[in-house]
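Asks: Residue numbers (the working numbering): 60 to 488.
1. Sort 482, 462, 465 by Cα distance to residue 489 and report the nearest one.
2. DSSP three-state call for residue 330: helix, strand or coil?
3. According to DSSP, simplified to helix, strand and coil, what is residue 314?
4. Thinking C-alpha only, which one of 208, 478, 221, 243 is nearest residue 393?
5. Would you identify the three-state DSSP class for residue 418, choosing helix, strand or coil?
6. Taking the beta carbon of residue 409 as the centre, do at least 16 other beta carbons fall within 10 Å, making it buried, or is it exposed?
7. In this structure, how does DSSP classify residue 476 when only helix, strand and coil are distinguished?
8. Output yes or no for whether 8 angstroms exceeds the beta carbon distance between residue 370 and residue 398.
9. Going by the CB atoms, is the gap between residue 257 and residue 246 shorter than 8 angstroms?
10. Spell out a yes or no on whether the stretch 343 to 362 and the stretch 371 to 379 are touching, meaning 3 or more CB-CB pairs, one atom from each, closer than 8 angstroms.
11. To the nearest angstrom, how far is it from the Cα of residue 403 to the Cα of residue 230?
12. Out of 235, 333, 354, 250, state which residue places its alpha-carbon closest to the alpha-carbon of residue 217.
13. Can you list, in chain order, the residues of its chain with a C-beta nearer than 8 angstroms to that of residue 203? Leave out the 5 residues immediately preceding and following it.
14. So, for residue 461: in the same chain, excluding its five sequence neighbours on each side, which residues have a beta-carbon less than 8 angstroms away from its beta-carbon?
15. Closest Cβ-Cβ distance between residue 271 and chain B: below 8 angstroms?
16. List the residues that DSSP assigns as beta-bridge partners of residue 481.
17. Who are residue 457's beta bridge partners in DSSP?
18. Taking buried to mean at least 16 other C-beta atoms within 10 Å of its own C-beta, is residue 317 buried or exposed?
19. Since residue 406 sits in a beta bridge, which residues does DSSP pair it with?
20. What did DSSP end up calling residue 401 once you bin it into helix, strand or coil?
21. What separation, rounded to the nearest whole angstrom, lies between the Cα atoms of residue 198 and residue 213?
22. Beta-carbon within less than 8 angstroms of residue 84's beta-carbon, same chain only, minus the 5 sequence neighbours each way: which residues are those?
23. Ignore the nearest five residues each way along the sequence and tell me which others in residue 266's own chain have a CB closer than 7 angstroms to its CB.
24. Tell me which residues share the same chain as residue 412 and place their Cβ nearer than 8 angstroms to its Cβ, disregarding the 5 neighbours each side in the sequence.
25. May I have the straight-line CA-CA distance separating residue 416 from residue 380, to the nearest angstrom?
26. Going by Cα to Cα distance, which pick from 395, 456, 343 is closest to residue 368?
27. What would DSSP say about residue 274, mapped onto helix, strand or coil?
28. Since residue 421 and residue 435 are thought to touch, with beta carbons under 8 angstroms apart, how far apart are those beta carbons, to the nearest angstrom?
29. Which word fits residue 535, buried or exposed, when buried means at least 16 other C-beta atoms lie within 10 angstroms of its C-beta?
30. Taking just the CA atoms, how far does residue 330 sit from residue 254?
31. Please report the residue range of the beta strand (DSSP E) in which residue 343 lies.
32. Within 10 angstroms of the Cβ of residue 358, are there 16 or more other Cβ atoms? Answer buried if so, exposed if not.
33. Taking the alpha-carbon positions, what's the residue 311 to residue 428 distance?
34. May I ask you to report which of helix, strand or coil DSSP gives residue 390?
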């Protein structure tokens, strides 16, 4: 292999050929290794390798005007050394035991021998054509860089496309989770995301159909309940004008109460369906303290056997007034139905949130039952529910409104001994 050293400004030259020969003693003591090196150099380069003296090598370089001056002592014996015979480069010899030490006979006007200890400063050449290799190398590097850049752009485009599709699927999933069941995604996308998109659309369609069927069923139930209720109320109105026995009067009163309960059931079903599937976003400034005080007066009139008390902070909020009233009404009604004698309403205004608290002195709700009490049609004590009435939809309506308003409801034990319901709202409801 031939090497060319293209930076001669920071190296030292040996001007005495005898000293050069001394430095190269390692390379000429072992004749077998010497011949092997010469043979290998001859095989893998385009130059003729000869055993010539430094004197003859210098004479050859002078003849071909490769040296400006010659430092040759005529009366001194120069040992035979191999030299690169060629205009296009010189041979580099490596020390057998010290791989970082190199020696080269260099045709240069400043000296004869160059000792180099850094391999990275040596650049290989193979002959005259290699003087143009820099341009070829530049072209190769440019082509290689262009190929890598093209591959990178293709990969980036592919990854970006997949990332965009995944982002759309993720956004659609969040929208579906928030109740937007009409959400769909484009399923004409690369595999395997197209299968995921198609499955998502099928799931959304199924959920939307199921919700529609529930709405139809709920509306139908409410409508079908109201039709016979209207007829019963009409007949009862006619019967009320007649004189009846005490027993008949009691039956008449029971029937009247049943019709009221059935009408309330129909109204609650419609209300629950409306809040779940068509929530209202109407907001206005509401004096919540005044609202709670007015509902306290109304429920005290409806349930005279229960003593209602209150601890209400003055507070105005920007919220849906209908939803706030439904929360207060259903919580207070539930407390009045199950209280022994006392119900307490509280409104607490804290810096981070405000709370509606309703407590009673009844039997309370056990920790195991608290996670189910907010489900629709849940009655924890059937016998007690038959006495108090109701169908278990009031607290379900409260829970649905709380979710719609992104609030929080907690159930605990009151200091009065019964249940305590706490609904926390952020101020930016």
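Quick reminder that beta carbons are idealized off the backbone N, C-alpha and C, glycines included.
Replies: Let me spell this out:
1. Any answer about residue 489 is impossible in this case: the structure gives the chain only from 60 up to 488.
2. Within the chain shown, numbered from 1, the residue matching residue 330 stands at position 271. Note: residue 330 maps to helix in three-state DSSP.
3. On the chain shown, position 255 is the one that residue 314 refers to. Collapsing the DSSP output to three states places residue 314 in a helix.
4. Translated into positions along the chain shown, residue 393 becomes position 334. Looking at 208, 478, 221, 243, the one whose alpha-carbon comes closest to that of residue 393 is 478.
5. For the purposes of this step, residue 418 is taken as residue 359 along the chain shown, with counting starting at 1. Three-state DSSP puts residue 418 in a strand.
6. Here residue 409 refers to the residue found at position 350 of the chain shown. The residue is exposed, with fewer than 16 neighbouring Cβ atoms inside 10 Å.
7. Taking the first residue of the chain shown as 1, we reach residue 476 at position 417. In the structure shown, residue 476 sits in coil (DSSP, three-state: anything other than H, G, I, E or B).
8. As a first step, residue 370 is located in the chain shown; it is residue number 311 there, counting from the start. As a first step, residue 398 is located in the chain shown; it is residue number 339 there, counting from the start. Cβ distance not < 8 angstroms, so residue 370 and residue 398 don't count as in contact.
9. If you number the chain shown from 1, residue 246 lands on position 187. If you number the chain shown from 1, residue 257 lands on position 198. Yes, the pair counts as a contact, with Cβ atoms nearer than the cut-off.
10. In the pairwise beta carbon analysis, the stretch 343 to 362 is classified as touching the stretch 371 to 379: at least three pairs are separated by under 8 angstroms.
11. Stepping through the chain shown from its first residue, residue 403 is reached at position 344. Stepping through the chain shown from its first residue, residue 230 is reached at position 171. Residue 230 has its alpha-carbon roughly 44 angstroms from the corresponding atom of residue 403.
12. Against the chain shown, residue 217 aligns to sequence position 158. For residue 217, the closest of 235, 333, 354, 250 by C-alpha to C-alpha distance is 250.
13. On the chain shown, position 144 is the one that residue 203 refers to. Within the same chain, residue 203 has no close Cβ partners at all.
14. For this step, residue 461 is matched to residue 402 along the chain shown. For residue 461, same chain residues with a beta-carbon under 8 angstroms away, outside a window of 5 residues either side, are 386, 467, 468, 482 in chain order.
15. Here chain B cannot be found, since the structure has a single protein chain.
16. Taking the first residue of the chain shown as 1, we reach residue 481 at position 422. Under DSSP, residue 481 forms a beta bridge with 416, 469.
17. The residue labelled residue 457 in the question sits at position 398 within the chain shown. DSSP lists no partner for residue 457.
18. On the chain shown, residue 317 is found 258 positions in, with the first residue counted as 1. Per the 10 Å Cβ criterion, exposed.
19. Counting from one through the chain shown, the residue named residue 406 turns up at place 347. DSSP lists 371, 415 as the beta-bridge partner residues of residue 406.
20. Against the chain shown, residue 401 aligns to sequence position 342. Strand, per DSSP.
21. Your numbering for residue 198 matches position 139 in the chain shown. Your numbering for residue 213 matches position 154 in the chain shown. Going by the C-alpha atoms only, they are around 22 angstroms apart.
22. Your numbering for residue 84 matches position 25 in the chain shown. At residue 84, the pLDDT of 44 sits below 50, so the modelled position is not reliable; the number obtained from the coordinates is stated separately. Counting only Cβ-Cβ distances below 8 angstroms, and skipping sequence neighbours, we find nothing.
23. On the chain shown, position 207 is the one that residue 266 refers to. In the same chain as residue 266, and ignoring 5 residues on each side of it, the C-beta atoms closer than 7 angstroms to its own belong to 240, in chain order.
24. As a position in the chain shown, residue 412 is number 353, starting the count at 1. Closer than 8 angstroms at the Cβ level, and outside the excluded window around residue 412, lie 483, 484, 485, 486.
25. As a position in the chain shown, residue 416 is number 357, starting the count at 1. As a position in the chain shown, residue 380 is number 321, starting the count at 1. One Cα belongs to residue 416, the other to residue 380, and the distance between them is close to 17 angstroms.
26. Here residue 368 is taken as the residue at index 309 of the chain shown, counted from 1. Ranking 395, 456, 343 by Cα distance to residue 368 puts 395 first.
27. In the chain shown, counting from the first residue as 1, residue 274 sits at position 215. Three-state result, residue 274: helix.
28. To locate residue 421, count along the chain shown from 1; it is residue 362. To locate residue 435, count along the chain shown from 1; it is residue 376. 21 angstroms between Cβ atoms; not a contact.
29. Nothing can be reported for residue 535, as the shown portion of the chain is limited to 60 through 488.
30. Here residue 254 refers to the residue found at position 195 when the chain shown is read from its first residue. Here residue 330 refers to the residue found at position 271 when the chain shown is read from its first residue. Computed Cα separation, rounded: 39 angstroms.
31. Taking the first residue of the chain shown as position 1, residue 343 is located at position 284. Judged by DSSP secondary structure, residue 343 falls within the beta strand (DSSP E) whose first and last residues are 343 to 346.
32. Within the chain shown, residue 358 is the residue found at index 299, counting from 1. By the 10 Å Cβ count, residue 358 comes out buried.
33. For the purposes of this step, residue 311 is taken as residue 252 along the chain shown, with counting starting at 1. For the purposes of this step, residue 428 is taken as residue 369 along the chain shown, with counting starting at 1. The C-alpha of residue 428 is placed about 36 angstroms away from the C-alpha of residue 311.
34. Within the chain shown, residue 390 is the residue found at index 331, counting from 1. Residue 390 falls in the helix class under three-state DSSP.
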